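What follows is a set of notes on a single structure, which appears directly below.
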Amino acid sequence: MKNIKYILVIATAIVLTSCSVSGPLLVTDNPSGPKRGEATYKVILGFPPINGDRSIKKAAENGGITKIATVDYRVYGGLFVKKHTTIVTGE
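Here the sequence shown is numbered in our numbering, starting from 22 and rising by one per residue.
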(Lines of atoms letter the chains of each structure in order from A and count residues from 1; the text may use other names and numbers.)
(Lines give C-alpha, C1' and ligand atoms only; values in the text may rest on other atoms or scores of the structure.)
Protein backbone atom coordinates (compact mmCIF):
# COMPACT_ATOMS: atom_id res chain seq x y z
CA MET A 1 0.00 0.00 0.00
CA LYS A 2 2.88 2.39 0.79
CA ASN A 3 4.43 1.77 -2.62
CA ILE A 4 1.20 2.70 -4.39
CA LYS A 5 1.03 5.99 -2.46
CA TYR A 6 4.62 6.84 -3.39
CA ILE A 7 4.00 6.01 -7.02
CA LEU A 8 0.87 8.20 -7.07
CA VAL A 9 2.72 11.12 -5.47
CA ILE A 10 5.61 10.85 -7.93
CA ALA A 11 3.25 10.52 -10.91
CA THR A 12 1.30 13.60 -9.79
CA ALA A 13 4.51 15.61 -9.38
CA ILE A 14 5.67 14.65 -12.88
CA VAL A 15 2.35 15.60 -14.47
CA LEU A 16 2.24 18.98 -12.71
CA THR A 17 5.85 19.85 -13.56
CA SER A 18 6.31 22.82 -15.88
CA CYS A 19 8.69 25.69 -16.40
CA SER A 20 8.49 29.13 -17.98
CA VAL A 21 11.44 31.28 -19.03
CA SER A 22 11.34 34.73 -20.59
CA GLY A 23 13.79 37.49 -21.36
CA PRO A 24 14.71 40.40 -23.60
CA LEU A 25 16.26 39.90 -27.03
CA LEU A 26 16.47 43.35 -28.56
CA VAL A 27 15.89 47.01 -27.70
CA THR A 28 16.00 49.76 -30.32
CA ASP A 29 15.95 53.56 -30.22
CA ASN A 30 12.40 53.60 -31.62
CA PRO A 31 9.72 54.79 -29.18
CA SER A 32 7.68 52.09 -27.51
CA GLY A 33 4.20 52.18 -29.00
CA PRO A 34 0.87 50.71 -27.98
CA LYS A 35 1.02 47.83 -30.46
CA ARG A 36 2.09 44.31 -29.53
CA GLY A 37 2.55 41.29 -31.75
CA GLU A 38 3.30 37.66 -31.00
CA ALA A 39 4.50 34.70 -33.04
CA THR A 40 4.21 31.27 -31.44
CA TYR A 41 4.82 27.64 -32.22
CA LYS A 42 4.43 24.47 -30.18
CA VAL A 43 6.76 21.50 -29.94
CA ILE A 44 4.74 18.38 -29.12
CA LEU A 45 6.55 15.28 -27.85
CA GLY A 46 9.85 16.72 -29.08
CA PHE A 47 8.68 17.16 -32.68
CA PRO A 48 8.86 20.78 -33.92
CA PRO A 49 6.18 21.95 -36.35
CA ILE A 50 6.94 21.68 -40.05
CA ASN A 51 5.92 25.25 -40.85
CA GLY A 52 6.43 26.91 -37.45
CA ASP A 53 7.40 30.57 -37.67
CA ARG A 54 8.20 32.53 -34.53
CA SER A 55 10.38 35.11 -36.24
CA ILE A 56 10.52 38.79 -35.33
CA LYS A 57 9.12 39.62 -38.76
CA LYS A 58 6.08 37.37 -38.26
CA ALA A 59 5.42 38.79 -34.77
CA ALA A 60 5.60 42.36 -36.15
CA GLU A 61 3.19 41.44 -38.96
CA ASN A 62 0.75 39.87 -36.48
CA GLY A 63 0.73 43.08 -34.42
CA GLY A 64 0.65 45.50 -37.36
CA ILE A 65 4.00 46.97 -36.28
CA THR A 66 6.22 48.87 -38.72
CA LYS A 67 8.76 50.33 -36.23
CA ILE A 68 10.00 47.77 -33.71
CA ALA A 69 10.89 49.06 -30.22
CA THR A 70 11.51 45.88 -28.21
CA VAL A 71 11.70 42.13 -28.80
CA ASP A 72 11.23 39.59 -26.03
CA TYR A 73 10.97 35.82 -25.95
CA ARG A 74 9.11 33.36 -23.75
CA VAL A 75 9.48 29.59 -23.55
CA TYR A 76 6.98 27.50 -21.64
CA GLY A 77 7.94 23.88 -21.06
CA GLY A 78 5.45 21.32 -19.89
CA LEU A 79 5.74 17.56 -19.71
CA PHE A 80 4.83 16.84 -23.34
CA VAL A 81 4.50 20.30 -24.92
CA LYS A 82 6.87 23.28 -25.27
CA LYS A 83 5.59 26.64 -26.44
CA HIS A 84 8.03 29.17 -27.96
CA THR A 85 6.82 32.77 -28.33
CA THR A 86 8.45 35.91 -29.76
CA ILE A 87 6.89 39.17 -28.51
CA VAL A 88 7.38 42.46 -30.39
CA THR A 89 6.25 45.95 -29.31
CA GLY A 90 6.36 49.20 -31.23
CA GLU A 91 4.43 51.49 -33.54
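Yeah, the Cβ is synthetic: ideal placement off N, Cα and C, and Gly gets one too.
No experiment lies behind these values; they were computed from the predicted model shown.
Which same chain residues end up closer than 7 Å to residue i when comparing Cβ atoms and leaving out the 5 residues on each side of it in sequence?
i	result
residue 83	58, 59 and 60
Is residue i near residue j, with beta carbons less than 9 Å apart?
i	j	result
residue 96	residue 42	yes
residue 53	residue 106	no
residue 81	residue 71	no
residue 100	residue 38	yes
Closest by CA to residue i, which one among the options?
i	options	result
residue 86	48, 111, 23 and 26	111
residue 78	27, 109, 49 and 38	109
residue 66	33, 25, 104 and 26	104
residue 98	74, 64, 75 and 76	64
Once you ignore the five residues that flank residue i on each side, which residues in its own chain have a CB closer than 6 Å to its CB?
i	result
residue 45	93
residue 8	Residue 8 lies beyond the stretch modelled for the chain, which goes from 22 to 112, so this question has no answer here.
residue 47	92
For residue i, I'd like the list of residues in its chain whose CB is within less than 8 Å of its CB, leaving aside the five on either flank, ordered along the chain.
i	result
residue 75	60, 61, 62, 105, 106 and 107
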